Structures are given as structure tokens and as C-alpha cells.
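K.L.:
Numbering (the working numbering), first residue to last: 64 to 229.
Shown next as C-alpha cells:
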């Protein structure tokens, strides 16, 4: 292993430690919730799969040490929970150790839109932030729709899914 390979392996080891910490924390938080629904962005999963294929090809051609290859694949698998959003009646659980793991439901609004490739897309808007998150998988789950509807009723809003066309 040359110096670059050692450095790359150390970076991957640090990433793995972080992903283990985040995954354990998220699974602990998720297990405490009785009523929850999970959603994820399909494009994030596709991106991870493409990266895994590229790293596998690099390993197969002898350009990547075995330790780095194994660490990258472990990191990719452990990264999946941090891409998910868990909706509960009172909060949204996210993988963000710096700004908190929970976002109160009153600070999140949502809308359903039509995507280009995937028909239903759930778009989350955060009250204290200009960013949005988009999710494709699990957005038609009845539990998720119920949780979002109940949150909207609590805060005096209407659920866009339940609006009747007139």
C-alpha cells in the first residue's frame, strides 16, 4: 500500500465510525417510536448503487486495496439509514448530529408533486431553513399520509392529499 492508499483507507475508516454512530443512534430513536412511517429518496439509493459498482470495478482492476474496498461497501450499507426520514406524529427524525436529531412537526410543511420519472414525490419544506427534501419511496404509505394529515390538523392547515377538486 502506498501513502495515498493508506490515507484513503484511514478516511474510509473515519467515515465508517461516523456511520456506525449515526446508525446506532437512529435505530435507537426509531425503536422508541410506536407510530412511525419511513420515506426515502430513490435517487440517493441509485447514487449509492452506482458508486458501489464503480468502486467494485476499481477493485476488480487492482486499483483499490482490499481494505478500502471492504470499508467502502460497509459505509455504503450503513449510509442507507441516514438517508431515510422517519415521520412520527410529533416530529421528523433525521440524521443530523450537528443541528439535532429531531425536527418538530410544526416546523415542517409538505406538498405532493408529480415527478418526472416517479409519479408521486413528497417535498418537505423546513420553516427555519430555505432547503427542501424530496422523497419518492414510501410516500403513498397509508401510515405516512395519516401522520401528515394529523399534523396538519393540529396546526390548522389542510392536507393537500385530501383537497377535493371543485
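The C-beta atom is built at its ideal place from N, Cα and C for all residues, glycine as well. Just so it is clear, the structure is predicted and the values come from calculations on it, not from any experiment.
Rounded C-beta distance between residue 201 and residue 103? I'm assuming under 8 Å.
P.N.:
6 Å
K.L.:
Residues in its own chain within less than 6 Å of residue 85 by CB, not counting five upstream and five downstream?
P.N.:
The beta carbon of residue 85 sits closer than 6 Å to the beta carbons of 145, 158 from its chain, once the five residues preceding and following it are set aside; these are given in chain order.
K.L.:
Can residue 149 and residue 101 be called in contact, C-beta distance under 9 Å?
P.N.:
Residue 101 sits close to residue 149, with the two beta carbons spaced by under 9 Å.
K.L.:
Nearest by alpha-carbon distance to residue 188: which of 92, 182, 114, 174 is it?
P.N.:
174
K.L.:
Name the residue from 211, 110, 93 whose alpha carbon lies nearest to the alpha carbon of residue 186.
P.N.:
Here the closest residue by C-alpha is 211.
K.L.:
How long is the line joining the alpha carbons of residue 130 and residue 90, rounded to whole angstroms?
P.N.:
27 Å
K.L.:
Could you tell me the distance, in whole angstroms, from the CA atom of residue 71 to the CA atom of residue 64?
P.N.:
10 Å
K.L.:
Which residue from 151, 197, 166, 192 puts its Cα closest to that of residue 105?
P.N.:
With distances taken between Cα atoms, residue 105 lies closest to 197.
K.L.:
Under a three-way DSSP split, which group does residue 151 fall into?
P.N.:
coil
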